[in-house]
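A.B. asks:
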Amino acid sequence: MTQLADLRRSYVLGSLTENDVAADPIDQFQRWFDEALNAKLPEPNAMTLATVNADGQPSARIVLLKGLDARGFTFFTNYQSRKGLDLDANPLAALLFHWVQLERQVRIEGRVQKVSDAESDAYFLSRPLGSRLGAWASEQSAEVPDRAFLEQREAAFRERFGDDPPRPPHWGGYLLVPTRVEFWQGRPSRLHDRIVYLREPNGAWRIARLSP
Ligand SMILES: Cc1cc2nc3c(=O)[nH]c(=O)nc-3n(C[C@H](O)[C@H](O)[C@H](O)COP(=O)(O)O)c2cc1C
Numbered sequence: 005m006t007q008l009a010d011l012r013r014s015y016v017l018g019s020l021t022e023n024d025v026a027a028d029p030i031d032q033f034q035r036w037f038d039e040a041l042n043a044k045l046p047e048p049n050a051m052t053l054a055t056v057n058a059d060g061q062p063s064a065r066i067v068l069l070k071g072l073d074a075r076g077f078t079f080f081t082n083y084q085s086r087k088g089l090d091l092d093a094n095p096l097a098a099l100l101f102h103w104v105q106l107e108r109q110v111r112i113e114g115r116v117q118k119v120s121d122a123e124s125d126a127y128f129l130s131r132p133l134g135s136r137l138g139a140w141a142s143e144q145s146a147e148v149p150d151r152a153f154l155e156q157r158e159a160a161f162r163e164r165f166g167d168d169p170p171r172p173p174h175w176g177g178y179l180l181v182p183t184r185v186e187f188w189q190g191r192p193s194r195l196h197d198r199i200v201y202l203r204e205p206n207g208a209w210r211i212a213r214l215s216p
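This is the structure:
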C-alpha cells in the first residue's frame with residue numbers, strides 16, 4: 005500500500021486553453037492525435053471502450069481506433085461479442101485515450117451505430133490474412149474448452165477459404181458519434197487543464213472549462 009500511495013508524478017509538459025483549442029472537437033482530437041503520432045507513442049490509437057449492458061452493468065476493454073472523420077470515431081469488432089451485445093441493448097458508449105508520455109487524456113461519449121457493409125468490407129480486406137481468418141475462428145467472448153479448439157477452428161477456416169476469406173457477417177465496424185469530448189492536460193499542483201466540448205441541441209459545440 006505504501007508503495008502505491010507514493011506513486012505520483014508531477015505534470016509539467018503542456019497546457020491547454022480555451023483560446024488554443026479548435027472550434028470542433030474532432031479537429032482538436034486530430035491535432036492531439038498527430039502529436040501522439042509524432043511523439044512515437046506505442047499504440048497511440050489504443051483506446052478504452054466502455055459499454056453498459058441491459059442490466060446497467062458497465063464493462064470496459066481496449067480496442068483500436070481505425071477511422072476518424074467529421075462523423076466521429078470508428079473501431080472494428082465482433083458484433084456478437086460481449087461489447088456487441090451490450091451495444092445492441094444500449095448504444096450509448098464512451099471512449100478513453102490516455103497518452104501517458106504527453107500527460108494527456110481524452111474522454112469521448114456518444115452513441116454508436118454500425119458502419120455500412122461497404123465500409124466494413126473495405127477495412128476487413130485491408131487486414132492481414134491471419135486477422136481475417138481469426139475473425140472467423142473466434143466467436144469472440146464465448147467460452148471455449150481450450151486453446152487447441154481455437155487452433156482447430158482456424159485451421160478449418162483456412163482450409164475452407166484459402167487466402168481469400170470474405171468478411172464474416174458477425175464482424176464489422178461501429179461509429180461512435182460524439183456528444184461530449186473532454187481534453188485533459190496534466191498541469192503542476194494538480195491544477196490540470198480540462199476543456200470540454202458539449203453538443204447543443206442545434207448541433208453546435210459549446211466549449212467549457214472544468215475544474216480539475
Ligand atoms: C492493444 C489492444 C487492442 C485491441 N484491439 C481490439 C480491436 O480493435 N477490436 C476488438 O474487437 N478487440 C480488440 N482488443 C481485444 C479487446 O480488448 C477485448 O479483449 C475483446 O474485444 C473482447 O471484448 P468483449 O468480450 O468485451 O467484447 C484489443 C486489445 C488490446 C490490448
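Numbering (the working numbering), first residue to last: 5 to 216. We treat Cβ as the ideally placed atom computed from N, Cα and C, and that holds for glycine. Since the structure is predicted, the reported quantities are computational estimates derived from the model, not experimental observations.
#1: From the DSSP output, in three-state form, read off Glu107 for me.
#2: Who pairs with Asn82 in a beta bridge, going by DSSP?
#3: Considering Thr6, what are the terminal residues of the alpha helix (DSSP H) in which it resides?
#4: Determine the contact status of Leu99 and Thr55, defining contact as a CB-CB distance below 8 Å.
#5: Among Arg184, Arg210, Gly166 and Gln156, whose alpha-carbon lies nearest the alpha-carbon of Val110?
#6: According to DSSP, is Asp73 part of a helix, a strand, or is it coil?
#7: Where do the ends of the alpha helix (DSSP H) carrying Ala43 lie?
#8: Just the Cα atoms here: how many angstroms apart are Leu179 and Tyr201?
#9: Less than 7 Å between C-beta atoms, sequence neighbours within five positions excluded: which residues of the same chain meet that for Leu219?
#10: Under a Cβ-count criterion, where at least 16 other Cβ atoms within 10 Å of its own Cβ denotes burial, should Pro169 be classed as buried or exposed?
#11: Less than 7 Å separating the Cβ of Arg65 from some heavy atom of ligand 1?
#12: Look at Ile199 and Leu20 and say whether their C-beta atoms are less than 8 Å apart.
#13: My understanding is that Phe37 touches Pro48, with C-beta atoms under 8 Å, so please give their C-beta distance in whole angstroms.
#14: Going by beta carbon distance, what residues of the same chain come within less than 7 Å of Gly76, once the five residues before and after it are set aside?
#15: For a test of the three-state rule: what should DSSP assign to Pro29, helix, strand or coil?
#16: Starting from Leu195, trace the beta strand (DSSP E) in both directions and tell me its first and last residue.
#17: Quick check on the DSSP output: the alpha helix (DSSP H) that includes Ser130 runs from which residue to which?
C.D. replies: Considering the structure as presented:
#1: When DSSP states are grouped into helix, strand and coil, Glu107 belongs to the coil group.
#2: Asn82 pairs with Trp175.
#3: Here the alpha helix (DSSP H) through Thr6 covers Thr6 to Asp10.
#4: No.
#5: For Val110, the closest alpha carbon among the candidates Arg184, Arg210, Gly166 and Gln156 is that of Arg184.
#6: Strand.
#7: Ala43: not part of any alpha helix (DSSP H); DSSP gives it neither H nor E.
#8: Going from the Cα of Leu179 to the Cα of Tyr201 covers about 19 Å.
#9: Outside the displayed range of the chain (5 to 216) lies residue 219, so it cannot be described from this structure.
#10: With 16 or more other CB atoms across the displayed protein chains lying within 10 angstroms of its CB, Pro169 is buried.
#11: Correct: Arg65 has its Cβ closer than 7 Å to ligand 1.
#12: Yes.
#13: The Cβ separation is near 7 Å, so the contact holds.
#14: Answer for Gly76: Gly114, Leu179, Leu180, Val181 and Pro182, listed in chain order.
#15: Here Pro29 carries a helix assignment [DSSP, helix/strand/coil].
#16: Taken as a continuous stretch (DSSP letters only), Leu195 belongs to no beta strand (DSSP E), as it is neither H nor E.
#17: Its alpha helix (DSSP H) spans residues Asp121 to Ser130.
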